[in-house]
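Student: As given, the protein sequences belong to chains A and B, one line each in that order.
Going by our numbering, the residue at position 83 of the first sequence is 244; the numbering climbs one at a time, nothing skipped.
Going by our numbering, the residue at position 129 of the second sequence is 294; the numbering climbs one at a time, nothing skipped.
We treat Cβ as the ideally placed atom computed from N, Cα and C, and that holds for glycine.
Dropping the structure in here first, questions after.
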Amino acid sequence: MKNILFYLGFISILSILYLIKGDPGFLLFLSFALFFFTYWTKTDERINQNIGRATRNAFLYMMFSSVLSILYINLAGNIVFYQWGFAIVITGALAICVLSFLYYDNTGN
Amino acid sequence: MLNETKTGQKLVIILGIGITALVIVTFAYYILGNPTIDLFEILSIPIILIIIVTSTYVILDRYKNIKKGLPAQDERLKLAGYKAGYMGFISAIWSAVGYNMTNIILFDQEPRGGLVVAAVVLISGIVFILSYFYFSRKGE
Chain A
162 MKNILFYLGF ISILSILYLI KGDPGFLLFL SFALFFFTYW TKTDERINQN IGRATRNAFL
222 YMMFSSVLSI LYINLAGNIV FYQWGFAIVI TGALAICVLS FLYYDNTGN
Chain B
166 MLNETKTGQK LVIILGIGIT ALVIVTFAYY ILGNPTIDLF EILSIPIILI IIVTSTYVIL
226 DRYKNIKKGL PAQDERLKLA GYKAGYMGFI SAIWSAVGYN MTNIILFDQE PRGGLVVAAV
286 VLISGIVFIL SYFYFSRKGE
C-alpha cells in the first residue's frame with residue numbers, strides 16, 4: 162500500500178505550473194511532496210491495516226461531505242459555495258486520513 | 166461497537182434499509198419533479214444509482230450471513246472494505262487534481278465547481294465498488 166501513497170507525491174510536480182501561469186495557488190501542490198517520505202517508511206501488517214482504515218475513513222468523509230455540499234448548493238442556490246465545498250472536501254479528507262492513522266497507531270485499536 | 170453484537174448488526178441492517186429507501190424516494194421525487202435536467206443533474210443520476218445498488222448489495226449480503234447464523238461481516242470482508250476505501254481515497258485525490266488540471270492545461274479554463282465534486286464522487290465511488298468486489302472475491 163505504501164507504494165501507491167508514494168505516487169501521490171508526484172502531484173507536487175504540478176507546482177511547476179506556477180512558473181508558467183503565475184498563479185501562486187499552484188504552489189500549494191508542493192505539499193503533496195510529503196507523500197514521497199512514505200517510500201522510506203517501514204511497514205508491517207498492522208501498519209498496512211491502519212493505513213487502510215485511515216484512508217477508508219477519509220474516503221467515507223469525502224463521499225458524505227461531497228453529497229452534503231451538492232445538496233446544500235442545490236437547495237440554497239448558493240453557487241459560490243462550490244469552491245469552499247471543494248476545499249472542505251479535499252483538506253478535510255487529508256486531515257482525517259492523517260489523524261485517523263495517528264489514532265489507530267497510538268491506541269492500537 | 167454497534168456492529169459487534171447480533172442485535173446491533175440487525176439494527177445496522179434495518180438502518181441501512183431505511184436510508185436506502187429514503188434515498189430512492191428522494192431520487193424518484195427529484196426526477197419526477199424536474200422534467201428538464203442539465204448536464205450536472207444528468208451526472209448526479211449514475212452517482213445516486215451506484216450508491217443505491219451498492220448499498221442494497223451490501224445490505225443483502227450481510228442479511229444472508231446473519232440468516233445463516235454467521236457474523237454479518239467476517240475478517241476477510243473487513244479487510245476488503247479497508248483496501249477498497251484506500252483505493253477510493255487515492256482515486257478521489259487523483260480525479261480531483263486530474264479533472265482540474267486537464268481543464269486548465271488542455272482547455273485553458275477553470276471547470277465548474279459542481280462538476281469537479283460530481284466527478285470526484287462518481288470516479289472514486291466506481292473505483293471503491295470495483296475494488297470491494299475484486300478484493301472480496303479474490304481475498305487479496
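I need the straight-line Cα distance from D205(A) to K182(A), nearest angstrom please.
Tutor: As a first step, residue 205(A) must be located in the first sequence, where it is residue number 44. As a first step, residue 182(A) must be located in the first sequence, where it is residue number 21. Roughly 42 Å between the two C-alpha positions.
Student: Could you say which of I224(B), I216(B), I189(B), V218(B) lies nearest to L176(B) if we only look at CA atoms?
Tutor: Locating residue 176(B) in the second sequence gives position 11, where the first residue counts as 1. Nearest Cα to L176(B) within the set I224(B), I216(B), I189(B), V218(B): I224(B).
Student: Are the stretch 212-221 of chain A and the stretch 239-255 of chain B touching, with three or more C-beta to C-beta distances below 8 Å?
Tutor: The stretch 212-221 of chain A vs the stretch 239-255 of chain B: in contact.
Student: Whose CA, out of Y299(B), V285(B), I294(B), K303(B), lies closest to the CA of I215(B)?
Tutor: Translated into positions along the second sequence, residue 215(B) becomes position 50. Selected option, being the one with the closest Cα: I294(B).
Student: Mind checking A248(A): buried by the 16 CB within 10 Å criterion, or exposed?
Tutor: Start at 1 with the first residue of the first sequence, and residue 248(A) comes out as number 87. The residue is exposed, with fewer than 16 neighbouring Cβ atoms inside 10 Å.
Student: State yes or no: is the beta carbon of K248(B) nearer than 8 Å to at least one beta carbon in chain A?
Tutor: In the second sequence, the residue the question calls residue 248(B) occupies position 83. Yes, because at least one Cβ of chain A sits closer than 8 Å to the Cβ of K248(B).
Student: Taking 8 Å as the threshold, find out whether the stretch 185-194 of chain A comes into contact with the stretch 217-235 of chain B through three or more Cβ pairs.
Tutor: Contact annotation: the stretch 185-194 of chain A does not touch the stretch 217-235 of chain B, with fewer than three C-beta pairs closer than 8 Å.
Student: So is F254(B) in contact with chain A if we call contact Cβ pairs under 8 Å?
Tutor: Position 89 of the second sequence, counted from the start, is the residue given in the question as residue 254(B). Yes, F254(B) lies at the interface with chain A (some Cβ there is under 8 Å from its Cβ).
Student: Which residues mark the beginning and the end of the alpha helix (DSSP H) in which N239(A) is found?
Tutor: Indexing the first sequence from 1 puts residue 239(A) at position 78. First-last for N239(A): undefined, no H or E at that position.
Student: Mind checking whether L235(B) and S301(B) have CB atoms under 8 Å apart?
Tutor: Numbered from 1 along the second sequence, position 70 holds the residue referred to as residue 235(B). Numbered from 1 along the second sequence, position 136 holds the residue referred to as residue 301(B). No.
Student: Can you find a CB in chain B that lies within less than 8 Å of the CB of S271(A)?
Tutor: Within the shown structure, residues of chain A are numbered from 162 to 270, placing residue 271(A) beyond reach of any answer.
Student: Would the beta-carbon of I257(A) be found less than 7 Å away from any heavy atom of the ligand FMN?
Tutor: As far as ligands go, the structure on display features none, and thus does not contain the ligand FMN.
Student: Rounding to the nearest angstrom, what Cα-Cα distance links A186(B) and V218(B) in this structure?
Tutor: On the second sequence, residue 186(B) is found 21 positions in, with the first residue counted as 1. On the second sequence, residue 218(B) is found 53 positions in, with the first residue counted as 1. So the alpha carbons of these two residues sit roughly 12 Å apart.
Student: Taking the continuous alpha helix (DSSP H) assigned at L180(A), which residues delimit it?
Tutor: On the first sequence, position 19 is the one that residue 180(A) refers to. For L180(A), the enclosing alpha helix (DSSP H) begins and ends at 178-182.
Student: Report buried or exposed for I172(A), applying the criterion of at least 16 other Cβ atoms within 10 angstroms of its Cβ.
Tutor: Locating residue 172(A) in the first sequence gives position 11, counting from the first residue. Looking at its Cβ environment, which holds 16 or more other Cβ atoms inside 10 Å, I172(A) is buried.
Student: So is T216(A) in contact with chain B if we call contact Cβ pairs under 8 Å?
Tutor: Numbered from 1 along the first sequence, position 55 holds the residue referred to as residue 216(A). Yes - at least one Cβ of chain B is within 8 Å of the one on T216(A).
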